[in-house]
Amino acid sequence: MLTPRQMSHLFITGSKNQMEPVIQELYRQNVFHIEEFVEQTVQGYEDVKIGTPLPGASEAASKLIRIRSIENAFGVKLEDVVPQKRVPVQHLRETIDTKLSAIVSEVEQIQAKKSTCEEAVKDLEQKINELKPFAAIPLPLEIYSGYQNIAVFTGRVSKSPDLIVPNETYFSPAKEGNFIAVFAPAEHSGKVQLSLLQANFVAVPVPGGEGLPQDLLNLYTGQIAAFKKEVALIQERLEAMKKEQIEFLAASEELMSADVDKAEAPLRFAMTNETFLAEGWVPADRVDVLSDALVKVTGGKILVTVLPIDFEHDSVPVEYNNPSFSKPTQVLMDVYSRPTYTEVDPTLMISIVFPLFFGLIVGDVGYGLIFLAMSLGLRKYLKGEAGEQLLTVLRNASISSIFFGIVFSEFLGFAIPGWNPVLYSRHLMTEAGGHGPNIPELMVLSIWIGILHITLGRLLGIYNHAKQDHGHHRTLAVMANFGWLAVMWGIILAIWSSAVIPLMPNLTGLPVVVSVLNVGLIIGGVLIIVGIILIARESILEVIELPTIVSHVLSYTRLVAVGLSGVAIAMVVNYMSIEMFIRPALENFTIMSIVMILVGLGIFLFGQTLNIALTLLGGGLHSIRLHYVEFFTKFYKGGGKKYIPFGMKRRFTED
Amino acid sequence: MAAELVVATTDLAMIQAQQAGMKAIGAGLAVGLTGIGTGVAEMGIGAAAVGAIAENKDFFGLGLLFTVIPETIVIFGLVVGLLLLFL
């Protein structure tokens, strides 16, 4: 909680013939994050090379490629397959070769047949395209050729040409260009060409074949239909095969990718002539289990050492360590950046504060219920870990929206009848005598949230610097963070001492010391000056960032402002649909009233849908942005390496 | 005397109406001008973000986030507008 999972730096070494059982065991345990070995030219490392793959690596890899190519042909992905029952590995190994080649040859045959059919269809379509212009002329194709004294011209023209020589012409007007076929004595062909050119003649070659073009067209269309039917049949057969073989394929892919991973693991190890050395990271609480297991499988012929962690040079992989309640929020952390090993992991804080911010912005029972339904209903469509986590975050946020909806007494922009807002109201349009919106109070409240959130961020910054930095730099960084806090609180004190603000302490009554300066103002001023000095001592350039103290705190007013803009849109939509259309229609009911009610309902649905989308986008983005920009910049660096243990979660196979 | 009073009340009503109108104009300007500012600022970021997303879809979340960062400007405008109208 608040820190990543504790890791231990493990160093495993043994003789080469122990490598295979060690790899098998490491893979089975699925906890060892391999630190890849990089060949070094430093003295003493000459004989340490990258290892060579285990035997069988290339065979397994080629099988894997074949399996994936079939899955490709079927159009399935391993992640989308829902496991039905587990296949025993032993049985799979015995049958995989024969079964796989049978499937491959069958699929290849089917694919070949399919592509022949598709090619034939393409050919026929090409022929049809060539024939189409001729279909308008009732002449068989063989008539267009085979003359000695007659020249034949076929093509498209923009207008009917003036032919001054004896000829026989067929003309068919069409949108894409008028088609013309001219038969003229060969000795006049020059003149015919000239007149045709004046009519923008573009020649179209006569397609091969015999008989009337229309008949040929009918024939080809029939053939295409037959081929398409065959393709559909083939597709059906592929589908049936897919259903039948999908489990086998998924299990084989899992088995083979495990084999490939294991066989290629030595490529990530260091190796000398006789020994291998594997370096990596294991969660601290799993070290004993893993080393005992390794000693057991090798009969004690192995050395497992826990190395001390060198925080300067080692980049420790980071595995989140959160209570299950805040696990889904990790997706929001990964979007920004995973924390490094030594800093505070703020996931838990976000998992609490993000829904609160979202709820404050949305603050509507109706929208909250809609988001809740969305987060539950979309689970069917959004597969994958990240998608599910995001939906869980949305679920928590929507519950918080419902809570704040009750507090603000809002349902789809209407006031909840018979229920007054608790504390503060956001109702922009109120009935006569009702309570108007408490905008100043709400804004001050949001500024309070900002002050507290930013103070928390700075305190975490002090903790992180105290933990991560060393020596003089550490002191400077910690003091600079104190400086930022001092400036912020100094400004706040100064404001309290000079103006009366609702919901904030009133310090204007403090005893005046010099002219108009009272104690509060003087303390505030001192805090500001001391703060600026502390900030400047770390880096003078940071001083230009001072205005962000004010702008970041004021930025939290978005919690109210974005929320109010949503409320305003909802109220306008409700007013337009009900007061302008539905109520007048009901008061004076005629035939036209039905139309007006329908229009009113249309406005209501359209406007509310738009507002739901805007609220979701605004509520989500602004809440997370307050974390990323205003909160994280105070303490968080991120850039941690993801912990990827060597092994896999098996879904389709079992021992 | 009575006539003067009538004139004074109409003047007062007119002045109040003008003040309300000025407030509304001020609120409108605050939201509108900051909206333009946000739009100009988001223009470049949005274009770059879409380019990045076209290269790598994983950038979507971060790209969307960067794009809304200048939204602060229009929110300040909205805050000022709300304060003008309701304070």
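Quick mapping for you: the protein sequence lines, in order, are chains A and B. Residue numbering for the first sequence follows my numbering, beginning at 2 and increasing consecutively. Residue numbering for the second sequence follows my numbering, beginning at 6 and increasing consecutively. Beta carbons: idealized from backbone N, C-alpha and C, even for Gly.
Reference methionine 242(A); option with closest CA among Leu373(A), Ala74(A), Ala416(A) and Phe409(A): Ala74(A)
Cutoff 8 Å: phenylalanine 64(B) Cβ touching any chain A Cβ: no
Option nearest lysine 638(A) by Cα separation, candidates Ser258(A), Met8(A), Asp81(A) and Arg339(A): Arg339(A)
Burial state of alanine 433(A) (16 or more Cβ within 10 Å): Bear in mind that the predicted position of alanine 433(A) carries a pLDDT of just 49, short of 50, making it too unreliable to give a figure here.
Those residues which DSSP pairs with tryptophan 490(A) across a bridge: DSSP, once it has assigned bridges, lists no residue as partnering tryptophan 490(A).
C-alpha distance - glutamate 177(A) paired with lysine 229(A), whole-angstrom precision: 28 Å
Unbroken beta strand (DSSP E) run spanning methionine 8(A), endpoints: 8–16
Euclidean distance between Cα positions of arginine 658(A) and leucine 11(A): Because chain A in this structure spans residues 2 to 656, residue 658(A) falls outside the shown range and cannot be described.
Residues, ordered as in the chain, of the segment 62–88 of chain B that lie near chain A by beta-carbon distance below 8 Å: Gly66, Leu67, Leu69, Leu70, Val73, Ile74, Glu76, Thr77, Ile80, Phe81, Leu83, Val84, Leu87 and Leu88
Classification of valine 83(A) by the beta-carbon crowding that lies within 10 angstroms, buried from 16 upward: exposed
Alpha helix (DSSP H) runs wholly inside the segment 357–389 of chain A, at least 4 long, in chain order: 366–378
Span of the alpha helix (DSSP H), counted from its first residue to its last, around threonine 299(A): 288–299
Whether glycine 451(A) touches serine 556(A) by CB criterion (8 Å): yes
Rounded C-alpha distance that separates glycine 414(A) from asparagine 575(A): 7 Å
DSSP beta-bridge partners of methionine 272(A): Lys50(A) and Phe277(A)
Phenylalanine 135(A) and proline 206(A) closer than 8 Å at C-beta: no
Local Cβ density within 10 Å of glycine 156(A), reported as buried at 16 or more and exposed below that: buried
Min CB distance leucine 38(B) to chain A below 8 Å: no
Rounded Cβ spacing between proline 162(A) and glutamine 194(A) (contact assumed at less than 8 Å): With 8 Å as the limit, proline 162(A) and glutamine 194(A) do not qualify as a contact, their Cβ atoms being about 10 Å apart.
Glutamate 169(A), enclosing beta strand (DSSP E) - first and last residue: 169–173
Any C-beta of chain B under 8 Å from that of serine 59(A): no
Meets three-Cβ-pair contact criterion under 8 Å: the segment 329–339 of chain A and the segment 366–373 of chain A: no
Cβ contact (3+ pairs, closer than 8 Å) linking the segment 245–264 of chain A and the segment 14–32 of chain A: yes
Alpha-carbon spacing of isoleucine 74(B) relative to histidine 553(A), whole angstroms: 12 Å
Option nearest methionine 20(A) by Cα separation, candidates Gly52(A), Phe38(A) and Gly472(A): Gly52(A)
Continuous alpha helix (DSSP H) assignments of at least 4 residues falling wholly in the segment 507–543 of chain A: 520–539
Assigned secondary structure, tryptophan 497(A) (DSSP; H/G/I helix, E/B strand, else coil): helix
Contact set between leucine 92(B) and chain A, taken where Cβ atoms lie within less than 9 Å: Ile440 and Pro441
Selected residue, minimal CA-CA separation from leucine 125(A), among Leu217(A), Ala285(A), Val39(A) and Ala271(A): Leu217(A)
Three-state class that DSSP yields for leucine 3(A) in the structure shown: coil
Whole-angstrom distance between tyrosine 382(A) and isoleucine 97(A), CA atom to CA atom: 33 Å
Segments assigned beta strand (DSSP E), at least 3 residues, entirely inside the segment 230–258 of chain A: none
With 16 other Cβ atoms within 10 Å as the buried cut-off, status of glutamate 72(A): buried
Straight-line Cα distance separating leucine 535(A) from alanine 398(A): 39 Å
C-beta atoms of isoleucine 78(B) and threonine 39(B) nearer than 8 Å: yes
Minimum Cβ-Cβ distance from alanine 433(A) to chain B less than 8 Å: Caution applies to alanine 433(A), whose pLDDT of 49 falls short of 50 and renders its modelled position unreliable; the value that the coordinates give is listed next. Taking Cβ atoms only, chain B never reaches closer than 8 Å to alanine 433(A), which makes this a no.
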